[in-house]
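Chains as they are written, first to last, in numbering that gives the first Met the number 0: chain A, 0 to 322; chain B, 0 to 322; chain C, 0 to 344; chain D, 0 to 344. Glycine is no exception: its CB is placed at the ideal position from the N, C-alpha and C atoms. Remember, it's a predicted structure, so these values are computed and weren't measured experimentally. Report on the following structure.
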Amino acid sequence: MKQMSYAAALVDGLYEALASDEKVSIVSGHPVGFGPHRALMDRVYDDFHDRIFDPPNSEAAIAGMGAGAAMLGERPFINLSTSIFSYVGWSQIVNDAPNVHHMSDGMLTAPVVYYGLHGVRGNGAAQHSGSPQAMLWNAPGLQIALPSSPSDVKGLLLWALRSRNPTFFLTHAKLLSIEGPVAEGLYETPFGVAEIKRAGRDVTIIATSLMVVVALQAAETLAKEGVEAEVVDPRTLTPFDEKTLLASVERTGRLVVVDECPLRCGVAAEITATIAEKGFKFLKSPPVRITRPDVPIPFSTPIEDELVPNAAKVVAAVRELLR
Amino acid sequence: MKQMSYAAALVDGLYEALASDEKVSIVSGHPVGFGPHRALMDRVYDDFHDRIFDPPNSEAAIAGMGAGAAMLGERPFINLSTSIFSYVGWSQIVNDAPNVHHMSDGMLTAPVVYYGLHGVRGNGAAQHSGSPQAMLWNAPGLQIALPSSPSDVKGLLLWALRSRNPTFFLTHAKLLSIEGPVAEGLYETPFGVAEIKRAGRDVTIIATSLMVVVALQAAETLAKEGVEAEVVDPRTLTPFDEKTLLASVERTGRLVVVDECPLRCGVAAEITATIAEKGFKFLKSPPVRITRPDVPIPFSTPIEDELVPNAAKVVAAVRELLR
Amino acid sequence: MSSNSNPPLDKSTAQRMAERMLVMRRFEEKTLDLFQRKLIPGMYHLYIGQEAGGSAVLDALGSEDSLLTNHRGHGHVVGRGSDLGRSFSELLGKANGLTGGRGGSVHMCDPERGFLISSAILGSNISLALGAGYAIKRSGEKKVAVVFFGDASLEEGITFEVMNIAAMRKLPVLFALENNNLGAIALHEGGYSASNSVLKQFTRIPELFGVKTVQLLAGDTLASKIAGAREAVDYCRAGNGPVFCELQSVHWPGSNMVFAQMLTGVMDLGMAWGEREPQGEHAGWVRDHDPVLRMAREFIAAGLMSRDELLALDRKVCEEVECAAQFAIDSPLPEPQSAYHHVFA
Amino acid sequence: MSSNSNPPLDKSTAQRMAERMLVMRRFEEKTLDLFQRKLIPGMYHLYIGQEAGGSAVLDALGSEDSLLTNHRGHGHVVGRGSDLGRSFSELLGKANGLTGGRGGSVHMCDPERGFLISSAILGSNISLALGAGYAIKRSGEKKVAVVFFGDASLEEGITFEVMNIAAMRKLPVLFALENNNLGAIALHEGGYSASNSVLKQFTRIPELFGVKTVQLLAGDTLASKIAGAREAVDYCRAGNGPVFCELQSVHWPGSNMVFAQMLTGVMDLGMAWGEREPQGEHAGWVRDHDPVLRMAREFIAAGLMSRDELLALDRKVCEEVECAAQFAIDSPLPEPQSAYHHVFA
Ligand SMILES: Cc1ncc(C[n+]2csc(CCOP(=O)(O)OP(=O)(O)O)c2C)c(N)n1
Ligand SMILES: Cc1ncc(C[n+]2csc(CCOP(=O)(O)OP(=O)(O)O)c2C)c(N)n1
Ligand SMILES: [Mg+2]
Ligand SMILES: [Mg+2]
């Protein structure tokens with residue numbers, strides 16, 4: 000186990016994937032952006048120069064290209080950069096790639112990996128702060144990964160690039176610099192297996208991506224008050240590990256869902272609905288959602304901060320719940 | 000009140016809007032399709048020929064054009080025909096139009112009306128059977144209408160074309176032929192006001208669009224068994240009339256949500272989550288969702304039918320709930 | 000390709016072409032019949048009138064090549080050699096259809112013959128073909144990815160993006176434009192299928208990106224079309240990059256409305272040699288533009304096939320089609336529970 | 000527009016142009032300074048090096064016209080006359096910014112001056128401008144909708160769709176391409192901003208759709224650029240349909256990386272007349288291509304402005320900019336609760 004940043008682990012995963020599978024190639028070679036992490040990609044460019052294509056700004060064509068190439072056995076990693084640029088290729092991403100297997104009666108697969116940075120990245124303003132995962136979750140046939148730790152980002156990526164199905168893989172600009180232990184070499188973190196990031200008996204906090212970090216911070220604060228929160232990270236939305244989530248709520252009896260999508264039909268809606276439906280009898284109090292409100296994200300820091308879920312909001316909600 | 004079809008009421012609303020407001024114009028003039036209802040549009044073409052533009056197949060450009068024109072005071076009705084063609088203009092629809100008002104600090108508005116037919120229309124196969132409303136509901140700043148009756152489709156359309164905000168207006172191919180009473184002339188059905196389509200004391204069934212018809216059929220069957228279901232239609236998702244929905248569940252204590260979107264992060268997820276959060280204490284049993292499963296819609300009738308919510312499934316769910 | 004300097008066709012090519020075109024036509028006539036008998040649910044689009052260009056391209060391909068089509072793809076699939084019974088079964092939504100009744104008319108697919116799943120979203124299939132070209136190029140194999148699409152796809156921006164990328168990477172993609180726009184009736188005239196662009200000469204689009212173009216004009220001889228298609232495919236296969244091949248046809252007036260109508264009845268080969276005169280509303284089209292009748296005339300004039308050979312071939316095809324249709328009619332519908340299959344691999 | 004037969008400029012035009020260009024430049028130099036002092040959060044893109052073409056177009060517009068820009072829009076907004084203090088305030092995210100700190104650098108907007116909200120999604124703003132043109136055409140007024148966009152937007156398919164529709168409907172849209180591609184460093188060379196298309200002559204795109212084109216080349220005189228821009232705007236305003244105006248500039252090397260660097264220091268007008276020699280890494284660009292210095296040389300040579308007049312104007316502009324920046328620095332941040340405002344009207 001080496002300590003490394005989330006960005007470095009992602010790049011490591013990409014490197015391992017390229018080194019171990021001829022069929023893997025990259026379209027748009029800067030998955031960790033053009034900022035401080037850019038140089039991490041140098042060794043990938045050095046060793047796999049001919050397997051990276053930096054394409055024109057043509058997200059729709061590139062999205063379709065990925066699905067088409069995957070139908071012929073390729074394993075393209077399609078970097079859409081800011082994930083909301085996926086909206087430009089939305090039809091290909093939600094209405095082509097995920098339908099290939101079903102429409103072809105199981106004869107074809109389109110295991111493309113779409114990639115992008117989601118979320119409120121800090122002064123990105125309304126158009127660059129979005130999180131497409133809730134919308135994507137309503138597209139049957141598409142796998143969705145939301146790694147929250149350096150170890151997960153590498154392992155889930157390697158799993159995605161070997162899976163037989165199309166995947167949308169989402170990272171978060173504010174996760175890129177966080178550090179954690181990461182195993183060397185090839186390993187896979189399977190999709191559909193939630194992880195209990197922190198055990199606790201009093202309340203279950205379900206969160207994904209950056210919100211896992213927020214939830215863990217909140218849990219630290221709560222622990223000082225004698226409240227033990229369990230933080231559960233589904234890690235992937237499709238497939239979705241209902242069992243681990245329900246088991247946690249069964250133990251704690253209380254549910255808080257923290258999510259960075261807008262409220263209505265956001266990821267928290269689905270998680271809350273699932274638990275309400277299948278874990279109703281476990282719930283000792285109403286489930287609580289802490290999400291971005293249904294407001295476009297403004298540019299300026301104080302009004303941006305106001306809208307984003309943070310540890311203080313989670314702590315306050317849990318306190319209220321346990322009152 | 001005249002008895003007329005849903006399609007005729009929609010066309011009537013369009014006609015009234017054009018006749019009463021110079022700023023209204025139509026982009027793509029066949030909102031009721033090219034089938035049996037096509038001729039309904041003849042009088043609109045005859046009288047407002049110069050206000051209808053049948054554009055190239057360029058959904059992205061057209062979607063942006065609608066938002067841009069609306070910024071200068073126009074009231075464009077942008078027909079995307081099959082609503083999933085909106086995916087081709089998704090970026091403009093979810094990341095341009097709805098952000099205009101907020102990003103401009105309230106100085107501008109972009110009250111464009113996007114229009115399309117959603118849902119499982121019968122042998123449309125995977126790519127033409129989608130329902131974008133769940134995805135759209137996660138886009139703050141966008142109004143969403145899902146009229147389920149002839150009267151509503153006309154009144155809501157007239158409201159949308161006078162509203163100061165952008166709207167996505169969704170109809171359903173299987174609703175076009177249903178008949179109902181419709182008031183003549185100009186009237187508006189306000190957004191954000193749910194309607195109790197059938198009163199009942201035993202269970203609340205919340206449904207939108209075609210699923211309201213399905214829910215009403217189920218309620219008829221249940222009534223014969225002595226079960227009185229209340230069928231509530233939110234009519235618009237944004238704005239969303241939580242109050243009427245919660246009041247109904249408070250009365251009945253039980254909730255079934257029927258929806259044609261895929262399950263995960265579908266419209267039923269948000270409705271269920273909202274009631275679970277805010278109406279937890281009213282619920283005597285777990286909320287139940289009846290939706291399309293997370294499967295692409297296949298072409299052939301028996302496998303399509305298998306996946307679509309219908310009255311029998313609703314009846315079965317209610318019986319199970321009341322057992 | 001209006002030059003007349005093409006090498007003369009050989010008999011076996013003529014035989015293949017005649018059979019392919021007859022299969023396409025008879026399949027579609029039967030499809031219309033089945034639809035009118037309410038055996039085909041949903042939407043469908045007929046390939047009638049476009050047989051010449053499509054057949055020429057298909058004839059130039061090898062078994063290793065990849066193909067994609069769009070909503071109007073029956074002709075391409077049966078012309079590629081897919082089982083007629085399973086093709087009809089697909090249109091009827093039967094369990095033994097090409098995709099088990101999942102795709103239906105607009106998503107015909109036959110991977111065994113290189114036919115990838117087709118998108119019915121305008122422009123999308125072109126981007127999928129770009130990916131097929133990307134895969135082929137990476138593999139280093141000398142294959143070609145062909146995508147058939149209609150003129151309306153040239154109104155979608157993605158098509159321009161694809162051409163740029165294909166040209167940039169020299170990908171082996173053959174863009175086969177089915178331009179059936181000649182004589183089509185536009186939406187605002189009460190029709191449906193006419194393209195809606197200020198651009199009238201479609202080859203100017205690939206030219207913009209330096210993509211080689213080949214035109215198979217409606218009036219060209221089949222010999223010339225075959226030569227043009229071969230030139231296009233060979234250029235692409237040799238690794239020179241993409242080619243744009245315009246397959247022009249005179250719009251079959253029966254498909255001017257959304258629901259096709261055969262106002263002049265099924266094709267009668269006798270009309271090729273004056274044994275019978277076309278009657279009815281579309282007689283002019285049949286006389287002057289029907290590509291199957293034109294094929295018959297051309298082959299007879301060139302001594303490549305005789306009337307009797309053509310009639311015999313047609314009878315064989317008609318029987319196969321009839322038999323295939325009956326197979327489809329007799330086939331079972333899919334089990335409801337199978338709806339849930341194949342969401343994930 | 001490389002012909003030299005343009006009418007000579009009059010003094011008042013020269014005065015306006017000089018002031019506009021100096022405002023653009025001094026505003027951006029100060030922006031970089033504020034950013035380096037960590038007063039500007041988030042991303043921003045400087046307009047340095049593009050002042051000539053942009054100013055020429057802005058000078059040709061009337062107060063009733065509509066404008067849209069893209070992510071690189073500071074120059075357009077301050078060149079249009081928006082309040083400098085409120086412009087800086089916007090970049091700093093202050094409550095009295097042009098949009099109250101909601102939009103920031105990439106969504107500058109000033110409806111009072113016809114500036115509609117700008118999309119930072121490549122191609123989107125072009126489609127919004129199509130809508131502005133649609134609205135103007137419907138209103139029957141003799142106005143123009145101008146949209147500024149970069150060369151990368153020509154890689155997005157929507158741009159092609161928009162041109163087709165604008166041409167078809169003869170909409171009064173002026174497509175102002177900010178082609179800053181000369182000398183730009185591409186992504187694969189470690190840079191960021193170079194366009195990535197097989198198409199090198201961008202005017203071929205509008206030509207494809209029959210859209211009139213006007214080129215303002217980097218080397219053209221300002222007089223020629225002004226004449227070209229007026230021709231474009233007048234053509235559009237007269238109802239002849241859209242115009243595509245290429246504003247070419249030599250890439251300012253300071254912006255080759257994502258975060259701009261001013262390796263040669265702020266501009267010194269003395270360099271226009273040899274009083275001082277440019278030093279540092281970008282000296283060559285400053286000497287040969289800096290549009291503001293070129294403007295100074297041209298106006299002096301033509302007797303339109305003297306050195307002293309230019310220096311005095313520059314001092315005035317610098318003071319205004321300084322004062323505006325201080326205003327922004329001193330301005331309050333928005334109230335957190337105001338985040339919820341203006342979701343719906
Ligand atoms: C993105 C998108 N927009 C609209 C449609 C609806 N549509 C299906 S076929 C068609 C016309 C196609 O015309 P063309 O490409 O010329 O093909 P043809 O039918 O003439 O073969 C349209 C508009 C679609 N399938 N996808
Ligand atoms: C759809 C979309 N894809 C990618 C981006 C990210 N992006 C922002 S600016 C830019 C480059 C723009 O280059 P150009 O248009 O030439 O403008 P310049 O910066 O040179 O003025 C890119 C790729 C975006 N904003 N929108
Ligand atoms: Mg066509
Ligand atoms: Mg540029």
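Chain-ordered chain B contacts of residue i [CB-CB under 7 Å]
i, result
"residue 338 of chain C", "294, 297, 302, 305, 306"
"residue 269 of chain A", "263, 264, 268"
For residue j and residue i, the rounded distance between their alpha carbons
i, j, result
"residue 297 of chain C", "residue 62 of chain B", "48 Å"
"residue 255 of chain C", "residue 44 of chain C", "11 Å"
"residue 106 of chain A", "residue 113 of chain D", "55 Å"
"residue 310 of chain B", "residue 214 of chain C", "55 Å"
"residue 17 of chain B", "residue 336 of chain C", "48 Å"
"residue 58 of chain C", "residue 16 of chain C", "7 Å"
"residue 190 of chain C", "residue 82 of chain B", "21 Å"
"residue 174 of chain D", "residue 64 of chain B", "14 Å"
"residue 267 of chain B", "residue 248 of chain C", "48 Å"
"residue 316 of chain B", "residue 241 of chain B", "23 Å"
"residue 271 of chain D", "residue 34 of chain D", "27 Å"
"residue 84 of chain B", "residue 29 of chain D", "45 Å"
"residue 1 of chain D", "residue 150 of chain D", "Note on residue 1 of chain D: pLDDT 46, under 50, position unreliable in the model; the coordinate value appears next. Approximately 21 Å, taken between the alpha carbons."
"residue 69 of chain A", "residue 123 of chain C", "15 Å"
"residue 327 of chain D", "residue 102 of chain D", "15 Å"
"residue 259 of chain D", "residue 42 of chain D", "11 Å"
Partners in chain D for residue i, counting only beta-carbon separations shorter than 8 Å
i, result
"residue 126 of chain A", "105, 106, 118, 119, 120"
Contact list for residue i against chain D, beta-carbon separation under 9 Å
i, result
"residue 73 of chain B", "130, 133, 134, 137, 138"
Distance between beta carbons of residue j and residue i, contact taken as under 8 Å
i, j, result
"residue 77 of chain D", "residue 26 of chain D", "5 Å"
"residue 115 of chain C", "residue 38 of chain C", "About 27 Å; that fails the 8 Å criterion."
Residue nearest to residue i in terms of C-alpha spacing, selected from the options
i, options, result
"residue 241 of chain C", "C/121, C/98, C/62, C/132", "C/132"
"residue 230 of chain C", "C/211, C/154, C/24, C/66", "C/211"
"residue 329 of chain C", "C/93, C/263, C/22", "C/93"
"residue 159 of chain B", "B/125, B/111, B/221", "B/111"
"residue 319 of chain A", "A/142, A/287, A/52, A/293", "A/287"
"residue 185 of chain C", "C/176, C/196, C/295", "C/196"
"residue 225 of chain A", "A/237, A/212, A/36, A/201", "A/201"
Residue-chain proximity (residue i, chain G), Cβ-Cβ < 9 Å
i, result
"residue 154 of chain D", "Of the protein chains in the structure, A, B, C and D, none is chain G."
Under 8 Å from the C-beta of residue i: neighbouring residues of chain C
i, result
"residue 122 of chain B", "40, 41, 42, 92, 103"
Per-residue contacts from residue i into chain D (C-beta, under 7 Å)
i, result
"residue 95 of chain C", "Those within 7 Å of residue 95 of chain C in chain D number zero; the least Cβ separation is about 39 Å."
"residue 188 of chain C", "Under the 7 Å cutoff, chain D gives no residues; its nearest Cβ is about 16 Å from residue 188 of chain C."
Interface partners of residue i on chain B, CB under 8 Å
i, result
"residue 164 of chain D", "54, 55, 57, 60, 61, 64"
Next item on the list: Can you check the stretch 35 to 120 of chain D for any beta strand (DSSP E) of at least 3 residues that lies completely inside it and give the ranges in chain order?
Entry: Within the stretch 35 to 120 of chain D, the complete beta strand (DSSP E) runs of at least 3 residues are 65 to 67.
Checklist line | Runs of alpha helix (DSSP H) wholly within the stretch 95 to 135 of chain B (minimum 4 residues, chain order) | finding: Note on the stretch 95 to 135 of chain B: whole alpha helix (DSSP H) runs with a minimum of 4 residues are 99 to 102, in chain order.
Notebook entry, point to check: Which full runs of the alpha helix (DSSP H) of 4+ residues lie inside the stretch 141 to 222 of chain C, going along the chain?
Noted result: Taken in chain order, the whole alpha helix (DSSP H) runs of length 4 or more contained in the stretch 141 to 222 of chain C are 156 to 168, 203 to 207.
Item checked: Ordered list of alpha helix (DSSP H) runs contained in the stretch 259 to 295 of chain B, each at least 4 residues -> Within the stretch 259 to 295 of chain B, the complete alpha helix (DSSP H) runs of at least 4 residues are 266 to 277.
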